[in-house]
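First up is the structure itself, then whatever we jot down about it.
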Amino acid sequence: MLQASFSEITFRRRSFIKGDIQPQYKALCDDTTPVTDMLFGDDIKEKIKEMDAENSVFKKVGHEKSTGFHQSARGRDSIQEEKERSKVDHVVSASDVSTNDQLLDISGEQLQNFPNNFIGGKISLFFDRWKELTSDYWILDIIKGYKLEFENIPTQINKPHPLVFNAIENQYVQQEIDKFITKRIIQPVTQTEDQYVSNIFVRPKKDGTYRVILNLKQLNLDIEHIHFKMETFKTAVTSISKNCWFGSVDLKDAYYSVKVDKNDRKYLRFYWKHVLYEYTCLPNGLTTAPRIFTKILKVVFSKLRSKGHCNTPYIDDSLLVSKTYAECQKNITDTVKLLDYLGFTIHPDKSVLQPTQIIVFLGFVINSLTMRITLTEEKADNIAKLCSRLILKKEITIREFAQVIGKLVATQPGVQFAPLYIKSLEITKDILLKCHYGNFDAKMILSEDNISDLNWWVNNVKSSFNPINQKDPDFILKTDSSSKGWGAVVQDTLLETKGFWSYEEQKNHINFLELKAVLLALKWFCSSREKIHIQVYVDNMVALNYINKMGGRILKLNTLTKELWNWCINRKIWVTAFYLPGVANIEADRLSRSINVDIEWKLNENVFHIINSLFGPHDVDLFASKINHQLPRYYSYFPDSYAEASDWEDTAKSRQGQSRHDVSCTVMEHPKLVSTDITPDSGRFIYDKQPEKSTLSTSKSDNRTSHSEIKISSFQDIGQLFQSYGLSKEASDIIASSWKPATKQQYWTYCKRWLSFCSEREIDIFKATELNVLEFLTLLYKQGLGYSAINTARSMLSSFLSVNREITVGQWPLVKRFLKGIFNLKPSLPRYQKTWDVNIVLQYLMTLTPVHMLTLRVLSYKLVTLLLLLTGQRLQTIHCFDLDDINVTDSSIYIDVRTLLKCSKPGSHLQPIELPAFIDDDRLCIVTVFKEYLLRTSSFRKTQKLILSCVKPYQHVSKATIARWVKTVLQLAGIDITIYKSHSTRSASTSAAFQCATSIDTILKAAGWSNDSTFRKFYNRPVSKQNYNDNFSVKVLRSQKLSN
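For the sequence shown, counting from 1, position 977 maps to 977 in full-length UniProt numbering; every step adds exactly one.
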């Protein structure tokens, strides 16, 4: 008791005289000064000497050399660190802390870390305790001191001009700087040659003060960007159950708890009042700070989860969830204890340390009693005021408009229908920015639709909420659309419906038609239902995303989505869309295609008006549809949401009664009085054009009419056509496998057009004549295709029309003559007339050393580029490299590719590749780079494929990714990538080898070419920068001198 009272009296005496002490000595009055018999501690003389020395440095910054200061600073640092470590085991008494701090008394045990004893990089003092928690060297290295992850070492040519603050901002910045110095978050330094100076700027806090942020925008460009996953508000919501309990632990000065390595602090410097400072810990503004802090806390909360606790950390905040009050209290206690044990400081004012069932997390109110998420009253008021002010302004800038949209987007977790009234605003913003070439300061006037959306926010934002979960679906609806019609079925019932598209509707994109099919199906089945949940299964991802996200960036689709959702909102219907592959959506697909066009006709409108005037007026149009009805009121034979009734024969029974097509109705219609299948008179293939699906119908006239449909969604399905000609399925599949995947993908584009061409002209695809082929190729020419594309189509036709012919299409005389004419009209010239100099890229690769210091991304860039240049292979070959086929020694790399390649043929395959170590220059040695890459990826490699991605989960990369990496290297080396693509490495490397007197046989063997004509015709190109003495024009001009 006496000790506690004495400490309290000492702290109060210091605070009373702090205002009268000179500024440079005010730190003596801080609570971090130990309590002894002396008011300012026993070592006051030494402290005053240190403060005087530090003050003299402040005055001399920029005028003296840094050597002496750095030595003394390091000395003070080491002394201070020893003092701080001695405090780790010191337990602060209750009288040492404020009233709020006493809330941190967990289960009768006092904590060690409080806001009043915080110092920058504090968790590094608890390194031994972190070693108990994890063995991850990467995490432990960060705890000791984070090293900035540079892709390129930054250099600064011009220092930024300091920002000018107003009087109030100056006052708050000065207060923050004083706090930072006291807490050792920053420290004064002297100038060095390789330093990097940035500006500081301020952003207002909720309490009216300002947050100081280091502007590292330029420095961040040189720091490696690594993708990482972090918990989100959506993740937190998934852990919430009815009547559960919440707690929350917020960390004080979170980023500042992580120490930055002393060698990298020179990149985190700034000037304030002509004094140079540097951060000793993670600053606000560093691009990697969120990732680093998230990774550190992941270790902590994983430990807590292993104890059975449910938690969701988000940077410096965390949501703790438990089923009972006692479990939640235990969750809070264990979390606070562990964080304090590891050196973190709990924020008493922002933490919720008593279990509750209503909590504010990340700006949203979560209520487990009502299972709803709402905005805080303050946030809802601000949104309403922002929208009101925007509406009242006659003219605004696009920037103001975009800022309000950003605020609205941030409310989505707490406003159920927020996206519905945001998407239209975003479309307006995009259109205006495009018109004004990206100028956010351009003026704009709100449209009526914009004002309507903003008014919705003003009127509804305060009463809006978002349910945490939805009830189970009442029924499942499957829909599908074709270019002619649409269909829908209710799962596990006999309820189904379909309809036709009008001639105008057929002009719409299939995405629009798929979305409209959902709307029509909802109107048909749910017109009299309310407060239900419907699951809709569609086979179109665009329609799915527009429904689930309540809109998108395409105006026409967004307008239709808004109509759909407004119809549902009026009936309190909730819709959830799921994807169902087309091959599984059989019933709806059948209905969308079973169209009898014979019933879709009507009288000429002028003739009808004459009849109506003579025998009318008529009230209702019977046996009509939405396509051919002549009167506003009409009865439809097929289900039609726009018709007064359907199935005319039964309307008398329920003229004013319940809608008989509703899912709640016990009477179900199944109108199939007339077959809608049209049987052709002769056996042929009929192709039904679809942007996404292809259906071939084949029918044969014999004693019994038969009709079958062949679904063709890719070139692989062509094998089904061969089966219709008598081949077995096994033989057809083998024939279909004769084309390689890339060839199939290339042929499929023209195969679809050929099937459509034959269907429209009722041509058998296997028995087309020479004239049919020429007409098809002419059609492609009229559509704008050139020689190369038409020649590919010709090659595809040779695959089809060589089944029952001795001469393939390509050898037909008129076809050969036709292609020569195409070449003359639209010649196909080589992509490259010259190539780039390999030395330019090699010189750049030499700068990427030493390899053990490179980031994984840069190391990957160097490896794939060297492999392409040194092997002369295609990207596909490099992409296929497998560790099982590679033997690496100190002197060479031996690669035996066993994967089927583009150049693989019966009896011919790529020869083994041998890459010797380049002893002339280790910076370009492929063996050195290769071995470093294997070493670097060994810890997380889960596949034997050589090239892995640079981010988690470190999977095998695609060919497109490798191509992008190579283009990046070419661009950084100075190659014009608008002209040269990644594949140009093949011609560049082989041309360079040829110019160095490499034998043709060696080049052919390395590149995998069977004869030299391929190399000479397509790949051997002169280097873009020709030697002056070897230039043709120079030789001609010099001939004059020779003649004289």
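For glycine and all other residues, C-beta sits at the position ideal for the given N, C-alpha and C.
Remember, predicted model here, so these are calculated numbers, not experimental data.
For LEU446, the three-state secondary structure derived from DSSP is coil. Straight across, the Cα-Cα distance linking ARG857 with LYS434 is about 34 Å. Counting every other CB atom within 10 Å of its CB across the protein chains shown gives PRO617 a total below 16, marking it as exposed.
Ranked by Cα distance from LYS931, the first of LEU863, VAL300, LEU163, LYS217 is LEU863.
Pairing PRO355 with LYS122, the inter-Cα distance amounts to about 29 Å. According to the DSSP secondary-structure assignment, PHE361 is paired through a beta bridge with PHE364. Of all alpha-carbon atoms in ILE947, LYS572, CYS244, LEU392, the one lying nearest the alpha-carbon of MET371 is that of CYS244.
Segment contact: the region 244 to 254 against the region 126 to 138, fewer than three CB-CB distances shorter than 8 Å; contact not assigned. Beta-bridge partners of ALA402 (DSSP): none assigned. In the displayed model, ILE181 falls within a helix according to three-state DSSP. For the 8 Å CB-CB criterion, GLY285 and LEU216 form a contact. Within its own chain, the residues whose Cβ lies closer than 7 Å to the Cβ of ILE895, once the five positions on either side in sequence are excluded, are PHE881, ASP885, ILE886, PRO912, ILE913, listed in chain order. For ASN548, the enclosing alpha helix (DSSP H) covers residues 541 to 548. Listed in chain order, the non-local C-beta contacts of ILE143 below 7 Å within the same chain comprise ILE123, SER124, PHE127, TRP130, local neighbours out to five positions each way being set aside. With a minimum length of 4 residues, the unbroken runs of alpha helix (DSSP H) contained wholly in the region 544 to 588 fall at 555 to 570. Looking at ASN604, THR943, GLN156, the one whose alpha-carbon comes closest to that of HIS629 is ASN604. For the pair LEU319 and PHE246, the CB atoms are nearer than the 8 Å cut-off. With respect to the 8 Å criterion, SER989 and GLY821 are not classified as neighbours on the basis of their beta carbons. Going by beta carbons, HIS879 and ILE926 fall outside the 8 Å limit. Note that the C-beta distance between LEU282 and TYR314 is not below 8 Å. In the structure shown, THR961 falls within a helical segment according to DSSP collapsed to helix, strand and coil. Scanning the region 258 to 336 from its first residue to its last, the whole beta strand (DSSP E) runs of 3-plus residues come out as 269 to 272, 275 to 279, 310 to 314, 317 to 322. Annotation for VAL841: ALA973 place their beta carbon closer than 6 Å to its own, counting only its chain and skipping 5 residues before and after. Between LYS259 and THR280, the C-beta spacing is below 8 Å. The beta carbon of SER241 lies closer than 6 Å to none in the same chain, with the five residues before and after it left out. Residue pairing of THR479 in beta bridges, as defined by DSSP: ALA488. Excluding five sequence positions before and after ASP141, the CB atoms of its chain that fall closer than 8 Å to its own CB belong to LYS147, given in chain order.
Only residues of its own chain outside the window of five on either side were considered, and among them GLU770 have a CB closer than 6 Å to the CB of TRP812, listed in chain order. Assignment of LEU375 by DSSP, reduced to helix, strand and coil, places it in the strand class. For HIS852, the three-state secondary structure derived from DSSP is helix. Look at the beta carbons and you see the region 451 to 458 touching the region 416 to 432: at least three pairs across the two are nearer than 8 Å.
Below 8 Å, enough C-beta pairs join the region 472 to 488 and the region 530 to 550 to call them touching: three or more.
In the same chain as GLY414, and ignoring 5 residues on each side of it, the C-beta atoms closer than 6 Å to its own belong to PHE364, ILE373, THR374, LEU375, ASN466, in chain order. 8 Å or more divides the Cβ of SER892 from the Cβ of LEU866.
For TRP245, the enclosing beta strand (DSSP E) has its first and last residue at 245 to 248. The region 902 to 951 is shown to contain whole alpha helix (DSSP H) runs of 4 or more residues at 926 to 937, in chain order.
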